[in-house]
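K.L.:
In this note's numbering, the protein residues as written are -4 to 80.
In structure tokens:
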């Protein structure tokens, strides 16, 4: 399941550089997460790094993008192969 940034985001800029897949970017009003790139840090870390650094706890699971751990790992492998990692 991908993550989503809610309206409680204060645009503090700490989450974007923590994302190993480059899934987080500035949106029109708040940061946004590209569900095609978000693997919840599967393959990189044990916990989603954006959630770990977020000071306002505004990055929950996105119920519109449910994925199993296996699907997240497959997405990680595709992304890292495309990036040449």
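Just so it is clear, CB atoms sit at the ideal spot from N, CA and C, and this is done for glycine as well.
May I have the straight-line CA-CA distance separating residue 45 from residue -4, to the nearest angstrom?
P.N.:
Residue 45 sits at position 50 when you count from the first residue of the chain shown. Residue -4 sits at position 1 when you count from the first residue of the chain shown. Distance between the alpha carbons of residue 45 and residue -4 is about 14 Å.
K.L.:
Distance, Cα to Cα, residue 22 vs residue 5?
P.N.:
Translated into positions along the chain shown, residue 22 becomes position 27. Translated into positions along the chain shown, residue 5 becomes position 10. Distance between the alpha carbons of residue 22 and residue 5 is about 12 Å.
K.L.:
Return yes when the Cβ of residue 19 is within less than 7 Å of the Cβ of residue 54, no when it is not.
P.N.:
Here residue 54 refers to the residue found at position 59 when the chain shown is read from its first residue. Here residue 19 refers to the residue found at position 24 when the chain shown is read from its first residue. For residue 54 and residue 19, no; Cβs fall outside 7 Å.
K.L.:
DSSP on residue 15, reduced to helix/strand/coil?
P.N.:
Walking along the chain shown from the start, residue 15 turns up at place 20. Coil.
K.L.:
With a threshold of 6 Å (Cβ to nearest heavy atom), would residue 14 be considered close to the ligand NAP?
P.N.:
The ligand NAP is not among the ligands present in this structure, which contains no ligands whatsoever.
K.L.:
Between the alpha carbons of residue 71 and residue 41, how many angstroms are there, rounded?
P.N.:
Position 76 of the chain shown, counted from the start, is the residue given in the question as residue 71. Position 46 of the chain shown, counted from the start, is the residue given in the question as residue 41. Going from the Cα of residue 71 to the Cα of residue 41 covers about 13 Å.
K.L.:
Just mark residue 62 as buried or exposed, buried being the case when its beta carbon has 16 or more other beta carbons within 10 Å.
P.N.:
Position 67 of the chain shown, counted from the start, is the residue given in the question as residue 62. Residue 62 is buried by the Cβ-count criterion.
K.L.:
For residue 27, which residues does DSSP report across the bridge?
P.N.:
Here residue 27 corresponds to residue number 32 of the chain shown, with the count starting at 1. Looking at the DSSP assignment, residue 27 forms a beta bridge with 20.
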